[in-house]
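Enquirer: Sharing a structure here in structure tokens format.
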Amino acid sequence: MCDQSKPAQPATIACNHGWRDRLPFEDRTDFENARRGFIATFDGDEVRREDGRVVWDFRAYDFQESEEAPDTVNPSLWRLARLNNHTGLFQVCERIYQVRGFDLSNMNIIEGDSGLIIMDPLVSAEVAKAGLELYYQHRPQRPVVAVIYTHSHVDHFGGVKGVISEEEVRSGKVRVYAPEGFMEETVSENVYAGPAMRRRAQYMYGGLLPKGPRGQVDAGLGKGTSRGTVTLIAPTDEISEAFETHTIDGVEIEFQLTPGTEAPAEMNLYFPQWRALCVAENACQCMHNILTIRGALVRDPRIWSYYLGQTLARYGERSDVLFAQHHWPTWGADNIREYLADQRDMYAFLNDETLRLLNHGLTPMDIAEHIKSLPQPLAQRWHARDYYGSVSHNVRAVYQRYMGFYDANPAHLNPLPPVASARRTIEWMGGAEAVLEKARAEFERGEYRWVAEIVNQVVFADPDNAAARELQADTLEQLGYQCENTTWRNAYLTGAQELRKGVKRVPGGQAPDLVRALTPAFFFSLLAIRLDSEKAASQPMTLNWHFPDLDQDFALTVRNGVLTYLEGHRHDNADASVTMGKADLDQVGLGKLTLPQCMQDGRLAVAGDQAKVAALFGMLDQFQSSFNIVTPATLG
Numbered sequence: 001m002c003d004q005s006k007p008a009q010p011a012t013i014a015c016n017h018g019w020r021d022r023l024p025f026e027d028r029t030d031f032e033n034a035r036r037g038f039i040a041t042f043d044g045d046e047v048r049r050e051d052g053r054v055v056w057d058f059r060a061y062d063f064q065e066s067e068e069a070p071d072t073v074n075p076s077l078w079r080l081a082r083l084n085n086h087t088g089l090f091q092v093c094e095r096i097y098q099v100r101g102f103d104l105s106n107m108n109i110i111e112g113d114s115g116l117i118i119m120d121p122l123v124s125a126e127v128a129k130a131g132l133e134l135y136y137q138h139r140p141q142r143p144v145v146a147v148i149y150t151h152s153h154v155d156h157f158g159g160v161k162g163v164i165s166e167e168e169v170r171s172g173k174v175r176v177y178a179p180e181g182f183m184e185e186t187v188s189e190n191v192y193a194g195p196a197m198r199r200r201a202q203y204m205y206g207g208l209l210p211k212g213p214r215g216q217v218d219a220g221l222g223k224g225t226s227r228g229t230v231t232l233i234a235p236t237d238e239i240s241e242a243f244e245t246h247t248i249d250g251v252e253i254e255f256q257l258t259p260g261t262e263a264p265a266e267m268n269l270y271f272p273q274w275r276a277l278c279v280a281e282n283a284c285q286c287m288h289n290i291l292t293i294r295g296a297l298v299r300d301p302r303i304w305s306y307y308l309g310q311t312l313a314r315y316g317e318r319s320d321v322l323f324a325q326h327h328w329p330t331w332g333a334d335n336i337r338e339y340l341a342d343q344r345d346m347y348a349f350l351n352d353e354t355l356r357l358l359n360h361g362l363t364p365m366d367i368a369e370h371i372k373s374l375p376q377p378l379a380q381r382w383h384a385r386d387y388y389g390s391v392s393h394n395v396r397a398v399y400q401r402y403m404g405f406y407d408a409n410p411a412h413l414n415p416l417p418p419v420a421s422a423r424r425t426i427e428w429m430g431g432a433e434a435v436l437e438k439a440r441a442e443f444e445r446g447e448y449r450w451v452a453e454i455v456n457q458v459v460f461a462d463p464d465n466a467a468a469r470e471l472q473a474d475t476l477e478q479l480g481y482q483c484e485n486t487t488w489r490n491a492y493l494t495g496a497q498e499l500r501k502g503v504k505r506v507p508g509g510q511a512p513d514l515v516r517a518l519t520p521a522f523f524f525s526l527l528a529i530r531l532d533s534e535k536a537a538s539q540p541m542t543l544n545w546h547f548p549d550l551d552q553d554f555a556l557t558v559r560n561g562v563l564t565y566l567e568g569h570r571h572d573n574a575d576a577s578v579t580m581g582k583a584d585l586d587q588v589g590l591g592k593l594t595l596p597q598c599m600q601d602g603r604l605a606v607a608g609d610q611a612k613v614a615a616l617f618g619m620l621d622q623f624q625s626s627f628n629i630v631t632p633a634t635l636g
């Protein structure tokens with residue numbers, strides 16, 4: 001099989017050239033805004049971990065210097081990629097600074113009367129530390145007195161230990177502010193389906209792709225995600241009122257809670273002293289996701305639109321600059337009001353138009369094909385383009401939110417699984433060679449969507465068919481080259497790479513601070529997910545579990561092949577009682593200890609039937625960190 005990417009085909013070149021007449025490329029406002037307030041960039045090529053591994057490479061995207069898009073990149077996407085490549089320390093307004101291009105997100109630095117307020121310290125500690133050091137090279141070296149997390153996604157808190165320490169928080173030197181429910185949402189969103197989400201994120205962000213015109217060029221909200229140490233320090237102060245004002249080191253901040261929007265726990269911030277509005281991640285310089293392609297709970301575009309309208313009404317007349325946790329700021333009251341209104345209308349349209357069409361009986365794919373773009377003139381706004389979220393995927397997400405995955409056609413109630421369906425389909429179509437011959441002709445005509453659909457069937461019917469894998473890789477590659485959406489491009493090109501080279505096995509696992517933040521209740525929920533129901537069906541048991549350091553009890557029941565638990569309860573006649581410390585449980589969660597090891601060395605004490613406890617450990621499944629996606633996945 002060929003390991004190399006291919007050039008753009010004539011159909012792709014023609015498609016990409018056509019984009020130049022569809023959008024207002026002559027508008028240079030975003031480039032002016034992306035450069036505005038620039039102070040300095042990082043003095044070096046890379047940020048590294050203590051062990052020498054590269055966390056962030058500032059030269060990785062030097063190939064994007066040319067304004068002319070290569071044939072292998074959609075011109076609209078190339079424009080965004082170049083905008084996201086503006087890196088360094090920027091001044092937003094008086095006493096507000098922004099570190100951009102060090103990670104997927106921005107780190108904002110607000111100068112208080114005596115110290116600094118850090119807002120959203122990036123994904124990992126190494127880049128957050130480097131960003132703060134860059135600030136200190138050009139501004140007074142004041143201590144950090146507060147950290148603000150705008151919401152519960154890792155790119156907005158993971159680098160916190162690069163700017164403050166737990167000791168500083170415990171001593172009261174530093175306060176940490178977050179929206180209500182932050183810790184619960186932080187540790188829950190990526191836990192229950194964590195292994196699958198992390199694997200799918202490799203496709204979404206293109207982390208396994210080479211950087212270049214035929215590979216990863218951007219991630220929509222930024223260039224990509226840093227690969228350093230993810231950390232977490234729990235908030236000392238939660239914002240719980242709809243509107244709540246605090247003065248932090250002489251800086252007055254009005255917090256606007258926006259739960260259930262881009263994140264389950266999120267908030268905007270307004271700084272009246274400087275007429276500056278921070279919209280967190282509720283508004284970006286692009287369309288966002290109602291449902292990310294890595295997987296998550298479906299967001300609510302109706303409430304998202306409502307809160308943006310509330311923001312516009314409350315702060316639109318009082319703001320001279322708007323900044324966010326991704327991209328570049330917007331200056332000027334009129335521009336801010338138009339921007340917020342456009343973002344509000346975008347999510348309202350996706351929600352309402354999908355509901356209108358589904359009430360006519362259209363299916364998700366019908367709706368996605370019907371709503372090819374936002375209405376004019378919104379579709380011409382650069383800040384409403386499909387760079388991160390897409391109209392196609394978002395309208396299907398709205399359908400899913402209200403109606404579920406089933407489209408009401410009884411033929412789709414109980415379809416064959418992918419491999420069985422593929423084998424029957426290819427057999428009925430005359431076999432793999434006949435299908436591939438027709439597919440190659442369609443490929444030459446540029447019918448890539450159809451070729452990808454039908455050749456996928458050949459690959460799933462026979463994953464070892466080298467000709468099918470190569471044609472499918474070539475097809476996904478051309479689809480990727482045509483994409484305006486960064487995450488779609490990354491997914492297509494990652495799929496093509498894995499069809500050619502196979503799946504790269506990447507170690508998985510959660511960040512230690514996130515594991516330590518898990519409550520015992522979350523741990524038992526994870527045990528329930530890992531329980532192999534076939535093994536457990538014939539082995540019922542009741543267990544009591546006590547954590548003396550937390551003074552917490554749990555009653556576990558294994559019955560009918562499932563594990564359930566009740567916090568604050570104990571079984572009267574349990575098969576066994578387990579006593580264990582939370583710190584040892586954390587070591588198990590980090591993979592440094594196993595439950596049987598804890599049992600052997602006395603960290604886990606068992607009273608009663610030890611065989612029952614050992615049997616529970618033996619019924620737990622292990623998850624692969626790099627399962628197949630573009631070829632059939634298998635258990636074990």
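Mind the numbering: the sequence shown is residues 1 to 636 in full-length UniProt numbering, read in order.
Each residue gets a CB set at the ideal place from its N, CA and C atoms; glycine is no exception.
This structure is a prediction, so every number in the text was calculated from the model and none was measured.
1) Would you identify the three-state DSSP class for Asp513, choosing helix, strand or coil?
2) Does the Cβ of Phe90 have 16 or more other Cβ atoms within 10 Å, making it buried, or fewer, making it exposed?
3) Classify Lys504: buried if its beta carbon has 16 or more other beta carbons within 10 angstroms, exposed otherwise.
4) Using DSSP's beta-bridge definition, name the partner residues of Leu543.
5) In its own chain, which residues sit with a C-beta less than 8 Å from the C-beta of Ala614, not counting the 5 before and 5 after it?
6) Can you name the start and end residues of the alpha helix (DSSP H) that Val298 belongs to?
7) State the Cα-Cα distance for the pair Val578 and Leu620, rounded to the nearest angstrom.
8) At the level of alpha carbons, what is the spacing between Asp62 and Asn33?
9) DSSP beta-bridge partners for Gln98?
10) When you compare the CB positions of Asn85 and Trp19, do they come within less than 8 Å of one another, or not?
11) So what does DSSP say about Leu116, is it helix, strand or coil?
12) Can you tell me the Cα-Cα spacing of Cys2 and Gln497, whole angstroms?
13) For the alpha helix (DSSP H) that contains Leu527, what are its first and last residues?
14) Given this structure, state the Cα-to-Cα distance separating Cys286 from Asp386, to the nearest angstrom.
15) Just verifying my parser: in three-state terms, what is the DSSP assignment at Arg505?
16) When burial is assigned at 16 or more other CB atoms within 10 Å of the CB, is Ala491 buried or exposed?
17) Quick check on DSSP: helix, strand or coil for Thr12?
18) Comparing alpha-carbon positions, which option in Ser226, Met580, Ala397 and Ile529 lies nearest His546?
19) Have a look at Arg337, Pro10 and Ala40 and flag the residue whose alpha-carbon is nearest the alpha-carbon of Leu134.
20) If I follow the unbroken beta strand (DSSP E) through Leu350, where does it start and stop?
21) Can you name the residues that DSSP bridges to Gln216?
22) Suppose contacts are defined by Cβ-Cβ distances below 8 Å. Is Val321 in contact with Ala384 by that definition?
23) Give the DSSP-derived three-state secondary structure of residue 639 in the structure shown.
24) For Asp113, which residues in the same chain have their Cβ closer than 8 Å to its Cβ, ignoring the five residues on either side in sequence?
25) Contact defined as beta carbons within less than 8 Å: I believe Val174 pairs with Asp513. What is the distance between those atoms, to the nearest angstrom?
26) With H, G and I counted as helix, E and B as strand and the rest as coil, what does DSSP make of Thr237?
27) So Met267 is in the beta strand (DSSP E); what residue range does that whole segment cover?
28) Quick one: give me the first and last residue of the beta strand (DSSP E) that Pro254 is part of.
29) Kindly identify the DSSP beta-bridge partner or partners of Glu46.
30) Does the segment 465 to 482 touch the segment 179 to 196, meaning 3 or more C-beta pairs lie closer than 8 Å?
31) Sort out for me which residues DSSP pairs Glu244 with in a bridge.
32) If you measure between the beta carbons of residue 637 and Ile371, is that distance less than 8 Å?
33) Using only alpha-carbon positions, find the residue among Ile529, Leu556 and Leu499 that is nearest to Ser5.
34) Counting beta carbon pairs with one atom in the segment 261 to 279 and one in the segment 292 to 312, are three or more of them shorter than 8 Å?
35) Going by beta-carbon coordinates alone, are Asn456 and Gln482 separated by less than 8 Å?
36) Between which residues of its own chain and Glu65 is the CB-CB distance below 6 Å, once the five residues before and five after are set aside?
Expert: Walking through what the data contain:
1) Position 513 of the sequence shown, counted from the first residue, corresponds to residue 513. Helix at Asp513.
2) Within the sequence shown, residue 90 is the residue found at index 90, counting from 1. Classification of Phe90: buried, given that the 10 Å Cβ count is 16 or more.
3) Taking the sequence shown and counting its residues from 1, one reaches residue 504 at position 504. When all chains shown are included, Lys504 counts as exposed.
4) For the purposes of this step, residue 543 is taken as residue 543 along the sequence shown, with counting starting at 1. Answer is Leu556 and Ala576.
5) Locating residue 614 in the sequence shown gives position 614, where the first residue counts as 1. Here the set comprises Pro596 and Met599.
6) Taking the first residue of the sequence shown as 1, we reach residue 298 at position 298. Note, Val298: premise wrong, no alpha helix (DSSP H); not H, not E.
7) Position 578 of the sequence shown holds residue 578. Position 620 of the sequence shown holds residue 620. Roughly 17 Å between the two C-alpha positions.
8) On the sequence shown, position 62 is the one that residue 62 refers to. On the sequence shown, position 33 is the one that residue 33 refers to. So the two alpha carbons sit approximately 20 Å from each other.
9) As a first step, residue 98 is located in the sequence shown; it is residue number 98 there, counting from the start. Paired residue(s): Phe90 and Asn108.
10) Taking the sequence shown and counting its residues from 1, the one referred to as residue 85 is at position 85. Taking the sequence shown and counting its residues from 1, the one referred to as residue 19 is at position 19. Against a cut-off of 8 Å, the Cβ pair of Trp19 and Asn85 comes out as no contact.
11) Locating residue 116 in the sequence shown gives position 116, where the first residue counts as 1. Residue state, collapsed to three classes: strand.
12) Along the sequence shown, one-based indexing puts residue 2 at 2. Along the sequence shown, one-based indexing puts residue 497 at 497. Residue placement at Cys2 is flagged as unreliable, the pLDDT there being 43, under the threshold of 50; the coordinate-derived value follows with that caveat. If I take the Cα positions, the gap works out to 10 Å.
13) Start at 1 with the first residue of the sequence shown, and residue 527 comes out as number 527. Pro520 to Arg530 is the extent of the alpha helix (DSSP H) around Leu527.
14) Here the question's residue 286 lines up with position 286 in the sequence shown. Here the question's residue 386 lines up with position 386 in the sequence shown. Distance between the alpha carbons of Cys286 and Asp386: 6 Å.
15) Here the question's residue 505 lines up with position 505 in the sequence shown. The answer is coil: DSSP assigns Arg505 none of H, G, I, E or B.
16) Within the sequence shown, numbered from 1, the residue matching residue 491 stands at position 491. Counting Cβ neighbours within 10 Å, Ala491 comes out buried, since at least 16 surround it.
17) Locating residue 12 in the sequence shown gives position 12, where the first residue counts as 1. Note: Thr12 maps to helix in three-state DSSP.
18) For the purposes of this step, residue 546 is taken as the residue at position 546 of the sequence shown. Nearest option by C-alpha distance: Met580.
19) The residue you call residue 134 lines up with position 134 of the sequence shown. Ranking the options by Cα distance to Leu134, first place goes to Ala40.
20) The residue given as residue 350 occupies position 350 in the sequence shown. Segment Ala333 to Leu358 is the alpha helix (DSSP H) holding Leu350; no beta strand (DSSP E) there.
21) Position 216 of the sequence shown, counted from the first residue, corresponds to residue 216. The partner list for Gln216 (beta bridge, DSSP) reads Lys211.
22) Sequence index remark: in the sequence shown, residue 321 carries index 321 (1-based). Sequence index remark: in the sequence shown, residue 384 carries index 384 (1-based). No, the pair does not count as a contact, with Cβ atoms beyond the cut-off.
23) No answer is possible for residue 639: it lies beyond the span of the chain, which begins at 1 and ends at 636.
24) Within the sequence shown, numbered from 1, the residue matching residue 113 stands at position 113. Cβ within range, chain order: Asp249, Gly250 and Val251.
25) For the purposes of this step, residue 174 is identified with residue 174 of the sequence shown, where counting begins at 1. For the purposes of this step, residue 513 is identified with residue 513 of the sequence shown, where counting begins at 1. Contact doesn't hold; Cβ gap of about 16 Å is too wide.
26) As a working mapping, residue 237 is identified with position 237 in the sequence shown. Looking at the sequence itself, residue 237 is Asp, so the reference to Thr does not match. Note: Asp237 maps to strand in three-state DSSP.
27) Your numbering for residue 267 matches position 267 in the sequence shown. Looking at the DSSP string, the run of the beta strand (DSSP E) that includes Met267 is Met267 to Phe271.
28) Taking the first residue of the sequence shown as position 1, residue 254 is located at position 254. For the record, residue 254 in the displayed sequence is Glu; it is not Pro. Per DSSP, Glu254 belongs to the beta strand (DSSP E) from Val251 to Leu257.
29) As a first step, residue 46 must be located in the sequence shown, where it is residue number 46. According to DSSP, Glu46 bridges with Asp57.
30) no
31) Taking the first residue of the sequence shown as 1, we reach residue 244 at position 244. Per DSSP, Phe255.
32) The displayed coordinates of the chain run from 1 to 636. Any statement about residue 637 would go beyond what the structure contains.
33) Within the sequence shown, the letter at position 5 stands for residue 5. Checked all of Ile529, Leu556 and Leu499; the closest Cα to Ser5 is Leu499.
34) yes
35) By 1-based counting over the sequence shown, the position of residue 456 is 456. By 1-based counting over the sequence shown, the position of residue 482 is 482. Contact: no.
36) For this step, residue 65 is matched to residue 65 along the sequence shown. So no residue of the chain qualifies.
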